[in-house]
Structure formats: C-alpha cells, structure tokens
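Numbering (this note's numbering), first residue to last: 29 to 680.
Here a beta-carbon is modelled for each residue, glycine too, at the ideal position from N, C-alpha and C.
Taking it in order: structure first as structure tokens, then the write-up.
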Amino acid sequence: MDAGNRSLDLFTAERLETVARVWALASVRLVDIRCRHMGEQEPFHYALPASTLIYTRGGHAEVSLDQAVYHAERFGIFHGGKGTEVSIRTDKGELDIYLLLYKADFPPAYKQELMRLLDQFDPFRQRYGFAPGDPLFFERHVPDMYRQWQSADPLRQFYEKTALHRLFYEVYSAIGRGDIHVFQPDIAAQAVRFIDKHYRSNITVKQLQELLHISSAQLNRLMKKKTGKTPQEYLMHVRLNAAKELLTRQDVTLREIAREVGFYDEYQLSHAFKRWYGLTPIAFRRNLAFRMRNPYIDNDYQSPYNEFSSADITQLKEGIERSMHSKMKHKSLLALALGLTLLSACSSAPAKPVASESPNAASPVSSPSQSAYAQPSASESETRIVSTSTGEVEVPANPQRVLTTNLIGDLIALGVTPIAAPEHEANTIAYRELAAPVPLWKELNPELVTSYEPDLILVYSKEQYDAFSKIAPTVLFPFFELSAQDRVTALGDVLNKQEEAKQVLADYNAKIADAKRQLEEANRAFEGQTFSILEFIWGGLYVYGDSFGRGGDIVYNGLGLQAPEVVRKEVIAGEQWRELSMEVLPEYAGDYILLSGDVDKISENPVWDTLPAVKNGKVIPLDFDLFYHNDIYSADNQLEYLLDKLLEAAGS
C-alpha cells in the first residue's frame with residue numbers, strides 16, 4: 029500500500045487496542061447531530077463544544093482543524109476534540125456537513141483504569157482526517173442517524189447509542205485495515221491561515237517553521253507553489269494590504285496604522301510600502317482623496333509619479349520595477365517627490381502659510397541642488413516663498429524656532445537646534461548631549477505644537493501637515509525618500525542654510541574618501557570579502573540593505589564594501605530589509621557580519637556558531653542606538669565607529 033493509503037500514523041496496533049478498551053469501559057453518549065448545507069463563498073466556522081466526528085459530502089471541502097488544513101473530494105471523515113476550532117469552506121459546488129457531537133463519561137468502577145488508558149492515548153481528543161474506502165456505508169449511516177435524531181420516536185435514543193458505536197467501529201476498523209486515504213495536512217494553507225490571523229503580531233518565519241515542523245526550504249517551496257510568494261513576501265503582502273485598507277480612513281495616523289498591521293513604526297511601514305507599491309502611504313492616501321474628488325479623470329492622462337494622480341497601483345508598481353535599478357533616475361524621482369523649489373519672489377509680510385490656488389496641482393519641480401535661486405539675505409527680506417507639493421508656503425528667511433517631526437540630526441548638523449524633539453530620536457547616542465536641553469514629546473498634537481510657538485514646522489506626513497499648518501508655516505518634507513546628500517541639500521534650502529549644507533556634505537564626503545583610503549591601505553584585507561548587516565531584536569532576525577539605516581549607506585555606498593550576492597539581489601534590490609530564520613541565515617551571512625541588537629541572545633542559537641564569520645572572529649558589534657537612524661549627524665559618528673572597527677579587524 030502506498031503512502032497515500034497507509035493507516036494514520038498515530039493509530040498503531042497497540043493504540044487501537046487501547047481505543048477498543050476505552051470505548052468498552054467508558055459511557056459514550058451522543059449529545060447532538062447537526063447538519064449544514066453550504067455553497068461557495070460561505071465559510072463555516074465553529075469551536076467544537078464536545079468531541080466531534082465530522083462527515084462531509086458533495087464538492088471539494090477545505091477543512092481546518094485548529095492550524096491543520098485538509099482537502100477532501102466528495103467524501104471526508106474528520107475528528108476533533110473539545111475546543112478544536114473548525115473552519116470549512118468549498119470552492120467547487122455545494123457541500124453537506126454533518127457534525128456528530130458526543131461525550132464520554134467515566135463510570136466510577138472503571139474510572140481509575142480509564143484514566144490510566146487515557147494517559148497513554150486519548151481517542152476522544154485526537155485530530156485526523158481521511159477519505160473512507162467504503163464511502164457508501166457512511167453515506168447511508170450518517171444521514172439516517174440525523175433523520176432519527178430529528179424524529180419523535182421514543183426509541184430513537186436507543187437507536188442513536190447503538191448507531192454511534194457502530195459508526196466508530198467502522199471508523200477504527202477502516203483505520204486498522206488501511207482501507208482509507210489519509211488526508212495529508214496542507215502545510216502552505218496552514219501557513220497562510222496562520223499569517224492571515226496573526227500578521228498584526230511580531231511573528232517570524234522561524235515561528236512558522238517550528239509550528240509546522242518543516243524546513244525553511246520546504247516551506248518556501250510550498251508557499252511559492254500556492255501563493256507565488258515566499259512566507260516573508262506573503263506576510264508583507266498581507267500587512268500592506270491591511271495598511272491600504274486603513275489608509276482609506278483619514279482619522280487614523282500613519283503611526284497607528286503601522287502598529288496595527290505589525291510594523292515596528294511608521295518609518296518601517298513607509299519604506300516597505302514605497303518598495304512594494306512604488307509610492308509612499310501618504311501619496312497613496314492623497315491619490316484616494318483625489319479620486320473621490322475627481323472620479324471621472326482619465327487615469328491614462330495622469331503621470332504615475334504625480335502624488336495627486338489616480339494611477340493604478342499595479343501600473344505604479346510595474347513602472348517602479350522597470351526603473352528601480354537606475355540610480356540617477358531614482359534620485360530624480362525622489363527630487364520629484366520633494367516638489368520643493370524656492371521662488372525668487374520675496375515678501376516682507378509676516379510669516380504665515382499660503383494656500384495653493386489649486387489643492388490638486390503640484391508646482392514645477394526641480395532637484396534640491398537646483399532649487400536655490402538667487403536667495404535674498406535676511407536684511408533684504410524677512411520671508412521667502414517655498415513651493416511644495418501642498419502649495420506655496422511663506423516661511424521665515426532665517427527661522428529661529430524650528431519644530432521637526434523627524435531626523436533632528438540633520439538639523440543639528442546644520443547648526444539648528446529644534447525647539448522640541450521626538451523622544452525616540454533625542455535619545456540617539458550620536459547627539460544625545462546636544463539634544464539634552466530640548467523638550468521632548470512622545471505624541472505630538474496641535475495644542476502641544478502651539479505651546480512651543482514655532483516659526484517653522486517640518487513634517488513628513490499629510491496628516492501632520494493638515495494638523496499643524498494652521499499654527500505656523502509648515503513644510504511637508506519627504507525625509508524617508510531622499511538620500512542623505514539630497515536631504516541635507518534640500519533642508520539647507522528651506523532653512524536658508526545653503527552654505528552650511530554644502531560644508532556639512534563636503535566634510536562628510538571627505539571623511540568617506542579618507543576612510544576608503546585607509547581601508548585600501550590596510551593590506552587590502554577586505555578584497556573579495558562580503559559584509560552582511562544583521563539585527564537580532566524582539567526575538568526576530570533581520571538583514572538590511574543600503575538605505576534602511578543600520579549603517580548600510582556607509583558600508584555599501586560610501587565605503588564600497590560588497591554584500592553577499594543573495595543580499596544584493598533580494599534585499600538591496602528589493603525592500604531593503606528581510607526577516608530571516610536561523611536555518612537560512614548561512615545563505616545571507618557574509619565573510620564579515622555587522623551585528624546590532626541582542627548580540628548575546630543570538631549566540632545562544634547553535635546555528636550561530638557554525639557561521640564562518642563567527643568561527644573566524646569576524647563579527648563586528650554595532651551599537652543599536654547609534655546605528656538605528658540615518659541622519660547625517662548620526663552617519664558621521666557611525667563612520668568613525670565603523671572605520672575603527674574595520675581597521676581593527678583588518679589588523680587582526
């Protein structure tokens with residue numbers, strides 16, 4: 029007999045003997061018989077209140093018993109214990125479902141013996157599914173039991189008691205003979221169900237593997253076959269789809285959405301959303317709002333990179349995928365997203381926001397490096413006009429009280445101390461002392477912003493812009509879509525710190541060049557060597573690319589160090605980060621590993637000690653607080669730290 033027709037593994041000959049003994053001693057009675065007729069798109073969900081035998085007949089049935097998913101064609105027998113969560117659906121035709129709920133009582137005379145037997149094997153709680161070799165017996169017997177249960181015949185209880193024993197006798201006899209086709213659990217369907225149910229929590233691919241008792245390679249293959257995606261890709265797909273649904277609501281902030289759908293913060297959500305769909309969550313929300321205001325606009329006429337266009341998401345993604353490998357084109361798109369130019373017209377009017385004539389029309393765009401026209405000095409004018417994607421905004425010529433919702437390290441590098449700072453950023457080790465006198469906030473609201481009396485507000489989301497633009501001049505600034513070079517240049521334009529920005533970038537680039545020279549002189553120790561950036565935190569293991577913080581921009585773009593091929597193809601050319609299981613870690617681990625997070629905890633896993641980088645002492649620890657952010661001030665400090673560690677490694 030082939031594997032598909034073998035007996036259920038859990039019912040050995042010895043266990044079948046235990047089953048027979050248990051049924052002989054226990055008092056088993058029928059509690060209820062229920063029948064349900066269902067069609068396609070009518071899933072049935074039920075938590076079993078007692079031990080239950082389930083009989084399905086008709087079309088294709090997908091039956092889920094807790095996390096185990098089975099598929100039955102025409103006829104199926106399933107069993108689950110009390111508390112088992114059952115889900116049944118069909119996608120081919122109609123389906124009849126019979127549930128036979130029963131309960132076992134233990135007579136006092138046999139209770140001790142029964143408890144001993146149940147400790148060995150409890151047939152009333154077992155979970156299994158199979159196609160009977162003789163379906164006609166069940167086809168006659170089960171519907172007849174249901175009809176008798178519905179009747180008023182005073183002898184029906186006697187009939188049901190004997191019928192129930194007869195039914196289970198046939199079940200166990202068929203199992204013992206091997207006259208069944210065992211339903212093998214659908215591993216991919218189980219994984220899909222688990223992700224669909226738990227995507228909001230901090231689940232990992234490793235958890236899935238442990239839950240399903242399957243290797244990483246097998247799980248990837250099965251998920252690819254069923255969904256066309258790896259487990260990590262499917263998890264990302266589900267989370268981002270949920271985020272899209274929430275983005276249709278204007279009363280929910282980006283941070284709230286990120287936490288609701290399983291991302292650590294809004295920055296991680298924004299980066300993943302941009303990589304997946306080709307535009308930011310804010311732009312996506314803006315598109316939706318524009319569609320509702322202009323439902324008849326021809327989509328084909330709109331530029332897919334216009335934040336106000338109604339371009340189809342699929343088209344956007346395809347367009348991005350065709351151009352994502354072009355660095356120069358990518359930078360021009362980022363500059364386009366910024367939509368920031370400084371007009372030569374100036375005014376001496378008091379600083380206040382000026383609404384755009386058309387809320388749907390973006391102003392002409394240039395790159396940050398081109399945006400500084402002939403700028404007036406403070407003595408010539410007290411204000412300047414900044415053209416942004418939200419319209420023209422009149423800003424102070426030399427702002428003194430700047431409030432930013434992000435990347436305060438960029439402001440500090442330009443010599444601007446913000447009047448208040450987000451708590452999670454102010455604690456960054458690179459500028460912790462500089463930010464010490466600055467008031468900190470956890471959640472920003474209009475009342476708190478007003479109390480700070482800012483003369484310029486820099487925000488990264490449309491929600492923040494709508495909330496704060498009535499308080500003071502507010503510039504919507506795409507912090508997370510620009511490289512450090514473009515971002516600092518643009519900030520210099522907005523703050524009227526163009527010369528300071530040039531100097532900051534010149535100093536930084538000179539340090540990068542000097543660091544590269546020192547590394548090249550270090551006996552060429554890193555020629556042909558690969559570097560991986562890993563983070564182990566909150567129980568999850570992550571690998572990062574060249575533009576998601578953690579020093580990636582410095583390592584790969586600045587110093588020109590090489591990533592392993594799989595990191596280049598799947599991470600740097602993809603979403604810039606990926607969650608890994610320990611089983612696949614060797615594929616992503618380079619000759620050198622830059623590691624941040626819970627460094628001690630990852631070493632407890634036996635896989636860690638097998639990595640060549642670990643064996644050869646080529647693991648470079650990174651300070652999580654220092655390397656989390658990617659502002660220019662942090663990057664300057666990160667470069668010094670990395671250079672010291674790399675030179676130390678080269679000399680060892």
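| Asked | Found |
| --- | --- |
| For PHE103: DSSP bridge partner residues | ARG85 |
| Identity of the residue in LEU671, TYR493, GLU676 and TYR197 nearest ASN473 by Cα | TYR493 |
| Rounded straight-line distance, which links the Cα of GLU113 to that of THR190 | 28 Å |
| LYS234 burial status per 10 Å Cβ neighbour count (16 or more: buried) | buried |
| Element boundaries [alpha helix (DSSP H), containing SER244] | 244 to 255 |
| Residues near ILE540 by beta carbon distance below 6 Å, same chain, minus five either side | GLY586 |
| Pick from GLY625, TYR295 and ASP574 that is closest to VAL588, judged by C-alpha positions | In the sequence on display, residue 588 carries Gly and not Val. Checked all of GLY625, TYR295 and ASP574; the closest Cα to GLY588 is ASP574. |
| Buried or exposed by the 16-neighbour rule on C-beta atoms within 10 Å, applied to LYS272 | buried |
| Proximity test, Cβ basis, 8 Å: GLU90 and chain D | Of the protein chains in this structure there is only one, and it is not chain D. |
| Residues that GLU90 bridges to, as DSSP identifies them | HIS99 and ARG117 |
| According to DSSP, residues forming a beta bridge with PRO649 | LEU623 |
| Local conformation of LEU589 per DSSP, three classes | coil |
| Residue environment, ASP279, which counts as buried when at least 16 other CB atoms sit within 10 Å | exposed |
| Segment contact, 8 Å Cβ cut-off, at least three pairs: the segment 49 to 63 with the segment 163 to 180 | yes |
| Buried versus exposed call for TYR292 [16 or more other C-beta atoms within 10 Å across all chains shown] | exposed |
| Meets three-Cβ-pair contact criterion under 8 Å: the segment 611 to 627 and the segment 543 to 562 | yes |
| Candidates PRO136, ILE582, VAL522 and ILE310, of which the one nearest ALA512 by Cα | ILE582 |
| TYR656 in three-state terms, based on DSSP | coil |
| Three-state secondary structure assigned by DSSP to ASP664 | helix |
| CA-to-CA distance, VAL503 to ASN426, given in whole angstroms | 15 Å |
| Chain-order list of residues whose beta-carbon lies under 8 Å from that of ASP483 (same chain, five-residue window excluded) | ALA379, PRO424, PRO427, GLN428, ARG429, VAL430, ALA500 and PRO501 |
| Distance CB(LEU650)-CB(LEU674) smaller than 8 Å | no |
| Span of the alpha helix (DSSP H) around VAL170 | 163 to 178 |
| Rounded separation between THR232 and GLU238 - CA only | 10 Å |
| Cβ neighbours of TYR138 in the same chain (closer than 8 Å, five flanking residues each side left out) | LEU53 and ALA54 |
| Segment contact, 8 Å Cβ cut-off, at least three pairs: the segment 111 to 128 with the segment 67 to 80 | yes |
| DSSP-derived helix/strand/coil call for ARG241 | Position check: residue 241 holds His in this sequence, whereas Arg was assumed. Coil at HIS241, not helix or strand. |
| Backbone secondary structure at THR688 - three-state DSSP | Because the chain spans 29 through 680 in this model, residue 688 falls outside it and cannot be assessed. |
| Delimiting residues of the alpha helix (DSSP H) encompassing ALA541 | 526 to 549 |
| Bridge-paired residues (DSSP) for HIS73 | SER115 |
| Whole-angstrom distance between ASP181 and HIS73, CA atom to CA atom | 31 Å |
| Beta-carbon proximity of GLU491 to THR281, cut-off 8 Å | yes |
| Given ILE447 as reference, the closest of LEU486, GLU420, SER415 and THR418 once Cα atoms are compared | LEU486 |
| Limits of the beta strand (DSSP E) - the one that TRP605 falls within | 605 to 608 |
| Beta-carbon proximity list for PHE134, same chain, < 7 Å, skipping 5 on both sides | ALA54 and LEU142 |
| Residues near LYS525 by beta carbon distance below 8 Å, same chain, minus five either side | LEU442, GLY443, VAL444 and LEU519 |
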